[in-house]
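For the sequence shown, the positions run 2 to 159 when this note's numbering is used. We put the CB at the ideal spot given by N, CA and C, even for glycine. The structure appears below as structure tokens.
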Amino acid sequence: MQNPYLMLSTLFMCLITFFICYQLALAFIGVNLSLKKFLLPTLIISLIAYVSKIILSLSAPVHTVVIVVTCAGILYLFNRINVILSLIGSLLTFTTLTLGSMLLACPFFLRLGYIIPVKFNGMNWLFLCLLELIVPTLVLVILKTTKFSLMKYIPSTK
């Protein structure tokens with residue numbers, strides 16, 4: 002059996018990650034919501050991500066597809082955003098997260114002398130997850146500051 006504290010900290014890390022990712026997807030699309038309106042979608046995406054990666058141990062490509070489709074579906078269901086915009090916002094979000102991981106987090110992690118963890122447990126994995134959030138958080142701040150919106154460029158027909 003897994004350590005319950007490690008599982009709880011992993012779930013908490015999922016919540017933080019998908020809080021930022023859901024906000025980033027909304028920022029790419031150009032939608033601003035109050036805190037109450039994105040807590041439930043964030044919780045749903047986090048639980049699905051946790052189940053697919055930690056409990057079901059899906060491979061990285063399958064897990065990514067599950068998360069991108071789930072995020073796009075939840076964007077559409079909870080906000081009635083165009084399906085195309087939902088997919089684009091979701092894809093851009095997880096592309097940003099992946100690039101942030103490959104360009105910043107993993108090289109920095111290796112530079113510190115750590116080995117990139119294969120298993121999803123331990124402090125090394127939690128530290129890597131925190132490092133992966135730097136680029137999406139910076140992109141989120143930039144998008145919110147510049148008020149960027151894909152809705153300006155893609156017609157919102159449903």
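Can you grab the Cα-Cα spacing for the pair Phe149 / Ile30, in whole Å? Mapped onto the sequence shown, residue 149 falls at position 148. Mapped onto the sequence shown, residue 30 falls at position 29. Phe149 and Ile30: Cα-Cα distance of roughly 8 Å.
Taking the alpha-carbon of Ile46 as reference, which of Lys38, Phe20, Pro118 has the nearest alpha-carbon? Here residue 46 is taken as the residue at index 45 of the sequence shown, counted from 1. Selected option, being the one with the closest Cα: Phe20.
So what's Asn125 in DSSP terms, helix, strand or just coil? Within the sequence shown, numbered from 1, the residue matching residue 125 stands at position 124. Here Asn125 sits in helix by DSSP.
Status (buried if at least 16 other CB within 10 Å, exposed otherwise) for Met2: Within the sequence shown, residue 2 is the residue found at index 1, counting from 1. In this prediction, Met2 scores a pLDDT of 43, lower than 50, which makes its location untrustworthy; the coordinate-derived value is nonetheless stated afterwards. The residue in question, Met2, is exposed, as its Cβ has fewer than 16 Cβ neighbours within 10 Å.
Following the continuous alpha helix (DSSP H) through Ser87, name the residue where it begins and the one where it ends. For this step, residue 87 is matched to residue 86 along the sequence shown. Ser87 -> alpha helix (DSSP H) spans 84 to 101.
Pair within 8 Å by beta-carbon distance, Val136 and Leu105: Taking the sequence shown and counting its residues from 1, the one referred to as residue 136 is at position 135. Taking the sequence shown and counting its residues from 1, the one referred to as residue 105 is at position 104. In this structure, Leu105 lies closer than 8 Å to Val136 by Cβ.
Nearest-angstrom Cα distance between Phe128 and Val84? Residue 128 sits at position 127 when you count from the first residue of the sequence shown. Residue 84 sits at position 83 when you count from the first residue of the sequence shown. Each residue's Cα considered, the two are about 34 Å apart.
So, with DSSP's three-state summary, where would you put Ser35? The count along the sequence shown starts at 1 and reaches residue 35 at position 34. Three-state DSSP puts Ser35 in coil, outside helix and strand.
Hey, would you say Ala73 sits closer than 8 Å to Ser53, going by beta carbons? By one-based count along the sequence shown, residue 73 stands at place 72. By one-based count along the sequence shown, residue 53 stands at place 52. No, the pair does not count as a contact, with Cβ atoms beyond the cut-off.
CB of Leu86 within 8 Å of CB of Leu151, strictly: Within the sequence shown, the letter at position 85 stands for residue 86. Within the sequence shown, the letter at position 150 stands for residue 151. Yes, Cβ-Cβ distance for Leu86 and Leu151 is below 8 Å.
Provide the residue span of the alpha helix (DSSP H) that contains Tyr154, from first to last. Start at 1 with the first residue of the sequence shown, and residue 154 comes out as number 153. Where Tyr154 is concerned, there is no enclosing alpha helix (DSSP H), given that its DSSP letter is neither H nor E.
Distance cutoff 8 Å, beta carbons only. Does Ile56 sit that close to anything in chain D? The structure shown contains no chain D; it is built from a single protein chain.
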